[in-house]
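From first to last, the protein sequence lines stand for chains X and D. Sequential numbering from 139 applies to the first sequence in the working numbering. Sequential numbering from 96 applies to the second sequence in the working numbering. From the three backbone atoms N, C-alpha and C, an ideal C-beta is built for every residue, glycine too. The structure presented is a predicted model; accordingly, all values stated were derived computationally and were not measured.
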Amino acid sequence: MEWYSIDTWIVVIGALAAGACALLGNFLVLRKMSMMGDAISHAVLPGLAIAFLVTGARASLSMFIGAAIVGVLTAVFTQWISRFGKVDEGASMGIVFTTLFALGLLLIVQGADHVDLDPSCVLYGAIELTPLDVVWRPTLFGYFIEVPRAALVLVGVALLNTVFVVAFFKELRISSFDAELATAMGIHSKLMHYLLMSLVAVTTVACFEAVGSIIVIAMLIVPAATAHLLTDRLWLMVVLSVLIAIVSAVLGHLSALILPACFGFADTSTSGMMAVMAGLIFSTVVLFAPKYGVLPRLVRKTEAVR
Amino acid sequence: MSPESDPFIQVEQTGSSSKSLPLKIRDLTVAYHRKPVIWDIDLSIPEGKLVSIVGPNGAGKSTLIKACLDLIPRTSGEVSIYGQSYKKRRKRVGYVPQRESVDWDFPVSALDVVAMGTYGKLGWFRRVSKRSKALSMEALERVGLADYAHRQISQLSGGQQQRTFLARALVQDADIYFMDEPFAAVDAATERAIVELLKELQKRGKTVLVVHHDLATVPQYFDWTVLLNMRVVAVGPTNEVFTQENLRRTYGGKLTLFTQAANKVVQSR
């Protein structure tokens, strides 16, 4: 295996994307609205496509603003449809995001003659190509560094999410645990909800190029779900989820390079491998987590019987 | 005005007029999908009462509480707390939601949950101070859960979870409390602890409204009672309104078991 600077960037971008997603994912998981992440990651597509067709640039500011709007709209539409359409929230989410996603797909296919945004990239991303788009060339300690645009954007989004989670930790905690009490106390649960939804939308867009709209769901949910099995403290869950996200990004790229070669194939999709790694870590934790793992529980049970 | 409402009207008139009532509800109606859940509620609760809200399933007891706390939209009517809207009085109001309304697997300890009671007065970006932590610990001690402060909340028994919620209400340090079924599925020890706590709150001049299911204990625990079945059937001092006739009107003919229990209570007085 050979390691190039491009590999370093792929890992850095993957880790930033996974970490930024995991931060928010904790609150999606705890609010039992993981599927909202799924819905939003798909629903932002038409916003993205329109912004892209209009400005012709990826990851532009207008794209992020568009995404945030569509993210909030998805949440609002979902609530409206479930209230007025006499369907449960899951079904109404299914209606909203599939419709929006389909609309986005149509826009992209129609505009494909003019723009380089193809449907498969939308679904799986193209993390291997992101390091090629260099926008900043600083010299650090005598080294000449080529910083890709995706890395810069993701640093920004990861920072934004960190600030959000740290600044509103108390509000996020109470509105996720007991939204009614929070509202009764004057802590605006609905505002927190929509802030979270818009950040999920912005994060999804930032991660789009790197991981696409399907793998991003794994990054939102899996590290947070894994961390939930490992601790009883909210802040530690958040920290652990980010660590797990980073580890799956690193292992994902390494195994994408190494594993297929072992079986005589060319190397494979890094973002796919990252999600697979996250899934493997989750499975390991489900089995072996000290307190909530299946096996330790079984052991405790048999000991108790004895 | 129905004759059952007379007692509280008198209290209202004789009570000091300068001080506004802890809770006054006028013409309150709440509807879901245009179907009314509570209808034209008029209520006044005097200061320092321990009030039970009693009625059959679906009578709108929780809805009444949530409408008072601005948690659900009102179709019509007004609620005033100490003479003002809820929004202006929220810092004087404590709330204990139903135990099933939250996810007990949430990664927080009992102490964390109790400390949430202080969040309302903290404001944005402020962290829980050492003092509020100490207050939360004190509240846990008062409900007998000091040893469980650092346990994750799913590892508490149902009664302990309920007491955690009460401790949280204590640190809210309110003047009027709304409690939604704090006695639901708790053990005898917890029931005693809750009653003691309620009486203590009352002694300190607090007003407490409790949604309650066990008719047999109503006269023993509460000195004021609201009988509710979509409308207010009766409200007033428990020994005046908790009569066989009113209970029958509240529960209809369908709950013979309840009626029997109530009969016993009424006879024993």
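- Look at the region 141-182 of chain X and you find these whole runs of alpha helix (DSSP H), each 4 residues long or longer: 143-168, 172-181.
- Of all alpha-carbon atoms in 327(X), 342(X), 368(X), the one lying nearest the alpha-carbon of residue 176(X) is that of 342(X).
- With 16 or more other CB atoms across the displayed protein chains lying within 10 angstroms of its CB, residue 299(X) is buried.
- Interface annotation, residue 316(X): in contact with chain D, CB-CB separation under 8 Å.
- Taken through DSSP and simplified to helix, strand or coil, residue 133(D) comes out as strand.
- In its chain, beyond the 5 residues on either side, 260, 261, 263, 264, 272, 273, 274, 275, 277 have a beta carbon closer than 8 Å to the beta carbon of residue 191(D).
- A residue is called buried once 16 or more other Cβ atoms fall within 10 Å of its Cβ, and residue 267(D) is buried on that count.
- A Cβ-Cβ distance of about 6 Å is found for the pair residue 295(X) and residue 340(X), placing them in contact under the 8 Å criterion.
- Cβ contact annotation for residue 177(D) (same chain, cutoff 8 Å, sequence separation greater than five): 115, 116, 117, 184, 187, 270, 271, in chain order.
- Setting aside the 5 residues that flank it on each side, residue 327(X) is surrounded in the same chain by 313, 317, 320, 321, each with a C-beta closer than 6 Å to its C-beta; the list follows chain order.
- Counting along the chain, residue 350(X) sits inside the alpha helix (DSSP H) bounded by residues 327-368.
- One alpha carbon belongs to residue 396(X), the other to residue 274(X), and they sit about 30 Å apart.
- Secondary structure at residue 179(D): strand, using DSSP grouped into helix, strand and coil.
- If you look at residue 346(D), you'll find it in the alpha helix (DSSP H) that goes 339-346.
- In the DSSP assignment, residue 327(D) falls within the beta strand (DSSP E) that extends over 326-332.
- In this structure, 322(D) is the residue among 342(D), 322(D), 241(D) with its C-alpha nearest to the C-alpha of residue 155(D).
- For residue 123(D), there is no enclosing alpha helix (DSSP H); the enclosing beta strand (DSSP E) has its first and last residue at 118-127.
- Chain D places a beta carbon closer than 8 Å to that of residue 370(X), counting this residue as a contact.
- For residue 268(X), there are no C-beta contacts with chain D under 8 Å, since the nearest C-beta of that chain is about 34 Å from it.
- The region 185-251 of chain X is shown to contain whole alpha helix (DSSP H) runs of 4 or more residues at 199-222, 227-249, in chain order.
- Contact note: residue 305(X) reaches chain D through 219, 220, using a C-beta cutoff of 9 Å and chain order.
- Taking C-beta separations shorter than 8 Å and ignoring five residues to either side along the sequence, the partners of residue 409(X) in its chain run 152, 262, 263, 265, 348, 349, 350, 353, 390, following chain order.
- Excluding the 5 residues flanking it on each side, residue 148(X) has same chain C-beta neighbours closer than 8 Å at 265, 266, 268, 269, 391, 408, in chain order.
- One thing to note: residue 362(X) has its Cβ no nearer than 8 Å to the Cβ of residue 156(X).
- Per DSSP, the beta bridge partners of residue 302(D) are 271(D).
- At a cut-off of 8 Å, the C-beta of residue 247(D) has a neighbouring C-beta in chain X.
- The Cβ of residue 375(X) sits closer than 8 Å to at least one Cβ of chain D.
- Note that the C-beta distance between residue 356(X) and residue 379(X) is not below 8 Å.
- As the crow flies, the alpha-carbon of residue 332(X) is around 50 Å from that of residue 339(D).
- Close to chain X, meaning a Cβ-Cβ distance shorter than 8 Å, are the following residues of the region 187-199 of chain D: 188, 190, 192, 196, 197, 198.
- By the rule that beta-carbons nearer than 8 Å mark a contact, residue 322(D) does not touch chain X.
- The C-alpha of residue 309(X) is placed about 9 Å away from the C-alpha of residue 220(D).
- The region 207-220 of chain D makes contact with the region 230-237 of chain D: 3 or more CB pairs, one atom from each, lie closer than 8 Å.
- By DSSP's assignment, residue 173(D) forms a beta bridge with 121(D).
- A straight-line Cα-Cα distance of about 9 Å links residue 172(X) and residue 165(X).
- For residue 302(X), the three-state secondary structure derived from DSSP is helix.
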